[in-house]
Each structure stands twice: as C-alpha cells, then as structure tokens.
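Undergrad: When the letters of the sequence shown are read in order and numbered with our numbering, they come out as residues 2 to 224.
Structure below; questions to follow.
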Amino acid sequence: MYFDLDGTLCSYDTSFEALFRRTVSLYGEPTDVAHETYVDRLLTALDRCESDPYRRAFEPVTKTITLDVTPTTLAAEYCERELEATVVTADAKRVLDTVAATNPTGIITNGDGEHQRAKLDRHELADRVDEVLVSNDCGVRKPDRQLFELAKECLDADEFIYVGDSYDEDIVGAREAGFRTVYVDGGSVAVEDAAAADGIVSSIGELLDDDPLPAALEGPFAS
2 MYFDLDGTLC
12 SYDTSFEALF
22 RRTVSLYGEP
32 TDVAHETYVD
42 RLLTALDRCE
52 SDPYRRAFEP
62 VTKTITLDVT
72 PTTLAAEYCE
82 RELEATVVTA
92 DAKRVLDTVA
102 ATNPTGIITN
112 GDGEHQRAKL
122 DRHELADRVD
132 EVLVSNDCGV
142 RKPDRQLFEL
152 AKECLDADEF
162 IYVGDSYDED
172 IVGAREAGFR
182 TVYVDGGSVA
192 VEDAAAADGI
202 VSSIGELLDD
212 DPLPAALEGP
222 FAS
C-alpha cells in the first residue's frame, strides 16, 4: 500500500506564497511578478524532474528584482522555511503504523528528492514505511503510469492500493497502473466527481474509523 505525501500525510501551516515572500523580503521587494516568475520556473523544473529545482526557480527571480543574495542561498532558506511549516498529524502516523503492521507500505511523492526526504525525516515517517519513491529521483512524475509501475516493482504484493489527495495526479494515475485507490478529498468534492476512486475520505484519519472505511479496502486495514 502506497501513500502520497504532500496534502495527504503532510500539510502546511503557512501558504507557499507567504513562505516565498518571507524569504525574499530579507533581501529585497517580493513583487507579484517575482512570485509568478518563481512559481512558473519551479513548476517547469519539477515537471521536467530537473536537479536543484528551487535554485533554478530563484535564478530568474534575481533577474526580475534586485536582490543582494544568490539563488542558492534563497533556495536553501526557502526550503528550510517550507520544512518548518510542515504538519503531520498523529492520525497520519497511526494510519501508517496500522497499515505497515500487516502490509508492505510505501510513499510515492512528486518533488525534489532531498527536500521531500527531509520532510519524512523531520516527522519520522521514513522509518514507518518500506519504500519511498520521489519523482525527481526516479526521473518520472505522477500521474505518469511509469512511476506507479516502478512502485509495484519495489514492494512484494499481489494487489496495490494508493491513497492521495490529487484526483488527477494520484487517483487517475494510480488507477491506470492497476492500483485500487482512496481519494482524500478534504471534504470538498462531491462523490460523483470522484467516481474513479474506490473509496473517498475527507481526511487521512478517517481510514482508522469503522464507518467511513470503504468496504472494498477493509482487508488491508483489518487487524
């Protein structure tokens, strides 16, 4: 059984835009154009699974506005702020522990390998699972079926389940690779709008409750 990281196991107590502005404001004016430039370049770097995506994202920012700092320093300081903003609930940890007690368990996440693994280490998640796959390390990004197929090769199981909060990247991508899926919708999506998912919960903690547990997934969670 695999889980997504950002938005599923891990949330944030500060917006990414606020983190960007706090980082840049120490050295200059964090304008809207600078933020848009940063976001566009970061998304491109992540989509292409490029190395050092945050440094690459800050490079055009230093050309858009005058900053007395290097892109490397900005990237390091931003990533540290984002790491400090991460929140992993006790429920999320209990879900991992419950599943891992009887099933091979892993995490599939999009992002920079070093940065994503730092989140896992900070919240002691890496030791709770058997396998971690990060898109930039693997050279392929969700929802590409290839990443899910690679994940299937990493755990010994007859059937695979994926739990994630992005319908297009997590649910659709995993289903195409033959996974059963649980959609963590945050309570904001109508059931008919997520028909491809085998189960829908509003939060990761609901997987520990008897009633919300999708009937199709009772086996993996049964003790």
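Glycine included, every Cβ here is placed at the ideal spot set by N, Cα and C.
No experiment lies behind these values; they were computed from the predicted model shown.
(1) Between the beta-carbon of residue 110 and the beta-carbon of residue 141, is there less than 8 Å?
(2) Could you spell out the range, first to last residue, of the alpha helix (DSSP H) harbouring residue 100?
(3) So, helix, strand or coil for residue 4, using DSSP?
(4) Could you tell me the distance, in whole angstroms, from the CA atom of residue 155 to the CA atom of residue 139?
(5) In the structure shown, what three-state DSSP assignment does residue 170 receive?
(6) To which residues does DSSP link residue 164 through a beta bridge?
(7) Span of the alpha helix (DSSP H) holding residue 40?
(8) Once DSSP output is grouped into helix, strand and coil, what is the label at residue 106?
(9) Please determine if the region 5–15 and the region 72–81 are in contact, where contact requires at least 3 C-beta pairs separated by less than 8 Å.
(10) Using the beta-carbon count (16 or more within 10 Å), is residue 143 buried or exposed?
(11) Excluding the five sequence neighbours on either side, which residues of its own chain have a C-beta within less than 7 Å of the C-beta of residue 191, listed in chain order?
(12) Kindly identify the DSSP beta-bridge partner or partners of residue 84.
(13) Excluding the 5 residues flanking residue 178 on each side, which residues of the same chain have their C-beta closer than 6 Å to its C-beta?
(14) How many angstroms separate the CA atom of residue 113 from the CA atom of residue 43?
(15) Do you know offhand how far residue 199's Cα is from residue 174's?
(16) Would you call the region 118–126 and the region 13–28 touching, i.e. three or more CB-CB distances under 8 Å?
TA: On the basis of the coordinates in this document:
(1) no
(2) 91–101
(3) strand
(4) 12 Å
(5) helix
(6) 4, 183
(7) 33–48
(8) coil
(9) no
(10) buried
(11) The pLDDT assigned to residue 191 is 49, lower than 50, so where the model puts this residue is not dependable; a value taken from the coordinates is nonetheless given after this. Closer than 7 Å at Cβ, skipping near neighbours: no residue.
(12) Residue 84 pairs with nothing; no bridge assigned.
(13) 146, 149, 150
(14) 11 Å
(15) 13 Å
(16) no
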